[in-house]
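To convert, note that position 25 of the sequence shown is 578 in our numbering; the numbers rise steadily by one, no gaps.
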Amino acid sequence: MFRTIRKLFSGQSKEKEQILSAITIYTNKEFDVMVDVQIEENSEECIEHLASLLTMFNPANFFKVSAVLREQCKKNNEDDLYTKIISKTVEKIGTSNFLEDYDNKKEKPCVNPSDML
Numbered sequence: 554m555f556r557t558i559r560k561l562f563s564g565q566s567k568e569k570e571q572i573l574s575a576i577t578i579y580t581n582k583e584f585d586v587m588v589d590v591q592i593e594e595n596s597e598e599c600i601e602h603l604a605s606l607l608t609m610f611n612p613a614n615f616f617k618v619s620a621v622l623r624e625q626c627k628k629n630n631e632d633d634l635y636t637k638i639i640s641k642t643v644e645k646i647g648t649s650n651f652l653e654d655y656d657n658k659k660e661k662p663c664v665n666p667s668d669m670l
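Right, dumping it as C-alpha cells:
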C-alpha cells in the first residue's frame, strides 16, 4: 500500500500494474457524491478483490456503494455478478457487522429524573 502511495506522490510509475478492481469516490460541482465501481472481468479473482475493497466501508456507506454496484450490474444485465460480489463481501465481513446488538442496549429516558430538580 505504501509503495503505491509513494508512487502517486513522486510520479514514478515506470511499471503499469494491472488493476483488477477499483472503487473511485468523487464529487461534482453540486457537491453530489459520486461512486464509480470498476471490475476487470467476472472472474473469481476479480470478485475476491472487489469484495476486499467493499469490506473497508462501514455498514451505512457499504449500502450506498452497494446500490451503485447493483445499478451498474443491472444496466449490464449481470444481476448474478452483483449477487456473487455481495455474497463474497458478506462472507468476508460477516453478518454481525450489519446487525445492531439490541440486547446490550437499554432504553434510557430522554430526561433523567435528577435533571428535573
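Even glycine gets a Cβ: it sits at the ideal position worked out from N, Cα and C.
Residue from the options with nearest C-alpha to residue i
i	options	result
LYS645	VAL664, GLU594, ASP632, PHE610	PHE610
GLU601	SER649, LEU634, ASP668	LEU634
THR608	LYS582, GLY647, GLN625	GLY647
ILE576	SER640, LYS582, ASN629, LYS617	LYS617
LYS637	ILE578, PHE584, VAL588, CYS599	CYS599
Short Cβ contact (9 Å threshold) for residue i with residue j
i	j	result
GLN571	GLU593	yes
VAL586	SER574	no
THR672	PHE615	This structure cannot speak to residue 672, because the chain is shown only from 554 to 670.
ASN595	GLU624	no
SER667	ILE639	no
Residue(s) in a DSSP beta bridge with residue i
i	result
GLN591	ALA575
THR580	VAL586
Alpha helix (DSSP H) segment containing residue i, residue limits
i	result
THR642	632-646
VAL621	612-628
GLU601	597-607
Burial state of residue i (16 or more Cβ within 10 Å)
i	result
ALA613	exposed
VAL664	exposed
ALA604	buried
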